[in-house]
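Undergrad: The opening residue of the sequence shown carries number 1143 in the numbering used here; numbering runs sequentially from there.
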Amino acid sequence: DSIFYDESSGILFASMKYVGYDYAGHMERMRENPKVREWWDMTDGWQESLVEGATKSNVEPGEPGWWKPVEEVFHLP
């Protein structure tokens, strides 16, 4: 697992690690899954995005994404 730090907010957090061969394709298929979209709609109210202008996980192309890339500061293989 990894620990990340967002300097602008002072937040440390752990993350999911993707294992696969087609990240963009897998993420697109996940976005198209009705149950995943339902889950995003249910859980968005429990989260706060660090991306300015982001309002939800379930975005369409061109809308600001919910997740902010941050610097990895520790990694345990």
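We put the beta carbon where it would ideally sit given N, CA and C, even for glycine.
From a predicted model like this one, the values you see are computed outputs, not experimental measurements.
If you scan the region 1146-1217 from start to end, which runs of the beta strand (DSSP E) of 3 or more residues do you find wholly inside it?
TA: 1153-1156 and 1213-1217
Undergrad: For arginine 1179, tell me which candidate among His1217, Pro1211 and Asn1200 has the shortest Cα-Cα distance.
TA: Counted from its first residue, the sequence shown places residue 1179 at position 37. It is Asn1200 whose Cα lies nearest to the Cα of arginine 1179.
Undergrad: Which same chain residues, not among the five before or five after phenylalanine 1155, have their C-beta less than 7 Å away from its C-beta?
TA: Reading the sequence shown from its first residue, position 13 is the one you call residue 1155. Closer than 7 Å at the Cβ level, and outside the excluded window around phenylalanine 1155, lie Phe1146.
Undergrad: Pick from Glu1194, Val1215 and Pro1211: whose alpha carbon is nearest that of glutamate 1205?
TA: Indexing the sequence shown from 1 puts residue 1205 at position 63. Among Glu1194, Val1215 and Pro1211, the Cα nearest to that of glutamate 1205 belongs to Glu1194.
Undergrad: Taking the C-alpha atoms as reference points, what is the distance between isoleucine 1153 and arginine 1171?
TA: Position 11 of the sequence shown, counted from the first residue, corresponds to residue 1153. Position 29 of the sequence shown, counted from the first residue, corresponds to residue 1171. Each residue's Cα considered, the two are about 30 Å apart.
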